[in-house]
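Here the structure comes first, spelled out in structure tokens, and everything after it is commentary.
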Amino acid sequence: MPVALIIGASRGIGRELAMQYKAAGWRVIATARKEEDLASLKSVDCEPLQLDVTKLSDCAGLGERLDGEKIDVAILNAGVFGPRTEGLTAPDLQHFDAVMHTNVLSAMRILPIVLPLVENAHGRLAVISSSMASISERSNPAGWLYRASKTALNSVLKDVSLSTDKAICVAMDPGWVKTDMGGDSAEITVDVSVAGIRQTLAALKPADNGKYLQYTGTEHGW
Ligand code: NDP
0 MPVALIIGAS RGIGRELAMQ YKAAGWRVIA TARKEEDLAS LKSVDCEPLQ LDVTKLSDCA
60 GLGERLDGEK IDVAILNAGV FGPRTEGLTA PDLQHFDAVM HTNVLSAMRI LPIVLPLVEN
120 AHGRLAVISS SMASISERSN PAGWLYRASK TALNSVLKDV SLSTDKAICV AMDPGWVKTD
180 MGGDSAEITV DVSVAGIRQT LAALKPADNG KYLQYTGTEH GW
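Structure below.
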């Protein structure tokens, strides 16, 4: 039975990823930081793991808890948007630290732990990035801090991809999705986004290692 690891599966895109892999017959290891979310994941036959991606001890413990696992698909989904400021408004240090910690530093801690488990299965490792990460396709500075954090996340993913030839690592833009973060005006529903992410990951070839892709499978400009 193939194994999926979904990091940040309490709600939104992460929860739907866990549900769709489960429905497709996969064994799903799903992380959340709150007790009630762990219980909810267990009730749908996922294997819950408590993980706050900003807690160093949680991140360090992840490798021990998953020691020896072969992970076919690992997806680092947990992320925050931060303050919704307009234009070139500098974030305060507290917001900067919180967004960069969750979206970037956590990836630098977690991806090196998860990569060997994915390599065990010659599997796929994805970070959930954003179209807002793209510098070459950028047309306005809205979401300045979030954009910078997702661009940095893409850089982290690229370096992880360069360190392996036993796994396929990609940065994945999920589209603009109706979730707590994406809001009600978003373009697509969470089930459409996640179906596209799963299909795109399933179709990856070794030559795709290090790519930045939309949920439709189309490549983004960095
Ligand atoms: P939501 O705000 O609905 O969900 C965010 C998820 O991240 C929750 O599961 C949340 O857990 C988790 N999370 C946040 N901080 C932490 C933490 N410190 N430790 C563990 N988990 C954490 O957002 P979406 O589902 O929309 O977004 C999922 C990903 O997709 C994010 O990385 C986001 O940046 C990205 N994305 C979303 C887009 C959209 O349009 N929705 C567009 C482009 C990218 P908890 O419930 O405990 O807070």
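At position 10 of the sequence shown the residue is numbered 9 (numbering that gives the first Met the number 0), and the sequence of numbers has no breaks. No residue lacks a Cβ here, since even glycine has one placed at the ideal position from N, Cα and C.
Could you check if residue i belongs to the surroundings of ligand 1, using beta carbon to heavy atom distance under 6 angstroms?
i    : result
A97  : no
G209 : no
I127 : yes
V27  : no
T53  : yes
N76  : yes
G142 : no
I12  : yes
V72  : no
R83  : no
R108 : no
R32  : yes
G220 : no
M224 : An answer regarding residue 224 cannot be provided, because it is not within the stretch 0 to 221 covered by the chain.
D179 : yes
P47  : no
A3   : no
G60  : no
CB-CB under 8 angstroms to residue i, same chain, minus the five flanking residues each way: which ones, in chain order?
i    : result
S162 : L114
W221 : S133, I134, S135, N153, Y211
Inspect the beta-carbon positions of residue i and residue j and report whether they are closer than 7 angstroms.
i    : j    : result
V72  : A8   : no
I5   : G62  : no
G216 : T199 : yes
S192 : G174 : yes
A170 : L156 : yes
T30  : L16  : no
R26  : M0   : yes
N139 : K69  : no
S130 : D172 : yes
L116 : L65  : yes
K165 : H94  : no
P47  : L55  : no
Tell me, which residues are paired with residue i by DSSP?
i    : result
Y145 : Looking at the DSSP assignment, Y145 forms no beta bridge with any residue, so it has no partner.
Q213 : D172
E224 : This structure cannot speak to residue 224, because the chain is shown only from 0 to 221.
I127 : M171
E218 : L212
V98  : DSSP output for V98 lists no bridge partner at all.
I196 : In the DSSP output, where bridge partners are listed per residue, I196 has none listed.
V2   : R26
Could you tell me how far apart the beta carbons of residue i and residue j are, in whole angstroms, since I believe they sit closer than 8 angstroms?
i    : j    : result
N102 : G13  : Actually they do not touch by this definition, with Cβ atoms about 14 angstroms apart.
G81  : L144 : 5 angstroms
G11  : T150 : Contact flag wrong, Cβ pair sits at about 21 angstroms.
Sorted by chain position, which residues of the same chain lie with C-beta nearer than 7 angstroms to residue i's C-beta, five sequence neighbours on each side aside?
i    : result
P205 : I167
D190 : E15
T53  : H100, T101, S105
I109 : I6, V52, C58, L61, L75
M107 : V155
For residue i, which residues of its own chain have a beta-carbon under 6 angstroms away from its beta-carbon, when the five flanking residues on both sides are left out?
i    : result
G78  : N102
L203 : R123, I167
L92  : none
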